[in-house]
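First the structure, in the form of structure tokens, and then the observations on it.
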Amino acid sequence: MDRITAMRVFAQVAANGSFSATADQLELSRAMVTRCISELEDWLDARLLQRTTRKVSLTDAGEQFLLRCQQ
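With the sequence shown counted from 1, adding 17 to any position gets you my numbering.
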């Protein structure tokens, strides 16, 4: 997975607050969305999203990275 695509997926997850909604919108599997986020987190060596069973929210590092993605 290239980083530009992973960044687009991350920005969409941040906007939706949901891996499932992002997968539906981008016509990807939920596993692929999860993989994109995991690869970004590994590449940046930082946790970008706080995941719970009901909600996905940005960490401080995630907020900073989202600003970069939007530029």
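Even glycine gets a Cβ: it sits at the ideal position worked out from N, Cα and C.
- A straight line joining the alpha-carbon of residue 73 with that of residue 66 spans about 6 angstroms.
- Within the same chain, 36, 39, 50, 54, 66, 73 come within 8 angstroms of residue 30 by CB-CB distance, once the 5 residues on both sides are set aside.
- Restricting attention to 22, 83, 18, the CA atom closest to the CA of residue 64 is found in 83.
- In chain order, 83, 86, 87 place their CB closer than 7 angstroms to the CB of residue 28, counting only its own chain and leaving out the 5 sequence neighbours on each side.
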